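Counting in our numbering, the sequence shown runs from 147 upward without gaps. Where is the CB? At the ideal position from N, CA and C, for every residue including glycine. Keep in mind the model is a prediction, meaning the values are calculated, not measured.
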Amino acid sequence: MPRANLSATDVVAAAAAIADRDGFDAVSVSAVARSLGVQPASLYSHVRDRAALLDGIHRLALADLADRIGAAVAGRAGRDALFGLAGAHRELATARPGTWAALQRPASDETVRSAEAARVSTLILAVLRGYDLPDPDLVHAARLVGATINGHLALDRSGAYRGRDESADASWQWAIDALDRALRSAKHPS
Numbered sequence: 147m148p149r150a151n152l153s154a155t156d157v158v159a160a161a162a163a164i165a166d167r168d169g170f171d172a173v174s175v176s177a178v179a180r181s182l183g184v185q186p187a188s189l190y191s192h193v194r195d196r197a198a199l200l201d202g203i204h205r206l207a208l209a210d211l212a213d214r215i216g217a218a219v220a221g222r223a224g225r226d227a228l229f230g231l232a233g234a235h236r237e238l239a240t241a242r243p244g245t246w247a248a249l250q251r252p253a254s255d256e257t258v259r260s261a262e263a264a265r266v267s268t269l270i271l272a273v274l275r276g277y278d279l280p281d282p283d284l285v286h287a288a289r290l291v292g293a294t295i296n297g298h299l300a301l302d303r304s305g306a307y308r309g310r311d312e313s314a315d316a317s318w319q320w321a322i323d324a325l326d327r328a329l330r331s332a333k334h335p336s
């Protein structure tokens, strides 16, 4: 039975649910239409194509991540804020794996300029400013933090840590502690 009154938000939410359940690459206009009980042509008034669906998931993921980071870092600074920031990423990767996968793909120019991306950037920079880094170093620090968090999560997700005596949780703690030490000792080269 067709569903009336669909919105672009409904369509993107259905696409994200498919990504979380079946994987990011499983998202297609026809798969979303099937999940909503409509014909694929019905979706084109809400999204122009598959690329727009994937872009919508990316922005949804950024919004979700920003909400999680905001809650995790509120009232915190330094190491505690860094752990909150990292934990928010880890929570999203665990709770919404397909949505998280969207963040591992190149963003469209529109997504890069979106309010959702700006929120995430603002929150990350706020955490890093707690380390008293000079402004020119903030982008490098953000890249280091992002690479460490994403690298750890990607390795854990791929199963690279299975079969090891040391727990992935202990390695996570160690990595974030190492980031904290690196950020506290970072000095801008003269």
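For G216, the first and last residue of its enclosing alpha helix (DSSP H): For the purposes of this step, residue 216 is identified with residue 70 of the sequence shown, where counting begins at 1. That run of the alpha helix (DSSP H) goes R196 to V219.
Check whether R236 and L152 have beta carbons under 9 Å apart: Counting from 1 along the sequence shown, the entry for residue 236 is found at position 90. Counting from 1 along the sequence shown, the entry for residue 152 is found at position 6. Not in contact: R236 and L152 (Cβ atoms no closer than 9 Å).
CB contact flag (V219, A227, <9 Å): As a working mapping, residue 219 is identified with position 73 in the sequence shown. As a working mapping, residue 227 is identified with position 81 in the sequence shown. In this structure, A227 lies closer than 9 Å to V219 by Cβ.
Where the alpha helix (DSSP H) containing G244 begins and where it ends: If you number the sequence shown from 1, residue 244 lands on position 98. In the DSSP assignment, G244 falls within the alpha helix (DSSP H) that extends over P243 to A248.
When A324, E256, D201 and D156 are compared against V291, the one with the closest alpha-carbon: Numbered from 1 along the sequence shown, position 145 holds the residue referred to as residue 291. Answer by Cα proximity: A324.
Residues of its chain near V193, where Cβ-Cβ distance is below 7 Å and the 5 sequence neighbours each way are ignored: Within the sequence shown, residue 193 is the residue found at index 47, counting from 1. The answer, listed in chain order, is A154, V157, L199 and G202.
Residues of its chain near I164, where Cβ-Cβ distance is below 8 Å and the 5 sequence neighbours each way are ignored: Along the sequence shown, read from residue 1 onward, the residue named residue 164 stands at position 18. Residues of the same chain with a CB within less than 8 Å of the CB of I164, apart from the 5 flanking positions on each side, are A172, V173, A177, V178, S181 and G244 in chain order.
Enclosing alpha helix (DSSP H) for N296 [first to last residue]: Within the sequence shown, residue 296 is the residue found at index 150, counting from 1. D281 to S304 is the extent of the alpha helix (DSSP H) around N296.
Spatially closest choice to S317 from D281, I270, D302 and S331, by CA coordinates: Along the sequence shown, read from residue 1 onward, the residue named residue 317 stands at position 171. Closest by alpha carbon: D302.
Local Cβ density within 10 Å of V273, reported as buried at 16 or more and exposed below that: Position 127 of the sequence shown, counting from 1, holds the residue named residue 273. Buried, since its Cβ has 16 or more Cβ neighbours within 10 Å.
Spatial distance of E312 from G230 (CA atoms): One-based indexing of the sequence shown puts residue 312 at position 166. One-based indexing of the sequence shown puts residue 230 at position 84. Rounded to whole angstroms, E312 to G230 spans 23 Å at the Cα level.
Beta-carbon spacing of A212, R275 below 9 Å: Counting from one through the sequence shown, the residue named residue 212 turns up at place 66. Counting from one through the sequence shown, the residue named residue 275 turns up at place 129. Contact: no.
Close-in-space but distant-in-sequence residues of the same chain around G233 (CB under 6 Å, 5 per side omitted): By one-based count along the sequence shown, residue 233 stands at place 87. So the qualifying residues of the chain are A218.
Distance CB(L284)-CB(G216) smaller than 9 Å: In the sequence shown, residue 284 corresponds to position 138, counting from 1. In the sequence shown, residue 216 corresponds to position 70, counting from 1. Going by C-beta atoms, L284 is not nearer than 9 Å to G216.
For Q319, the first and last residue of its enclosing alpha helix (DSSP H): On the sequence shown, residue 319 is found 173 positions in, with the first residue counted as 1. Note, Q319: alpha helix (DSSP H), A314 to S331.
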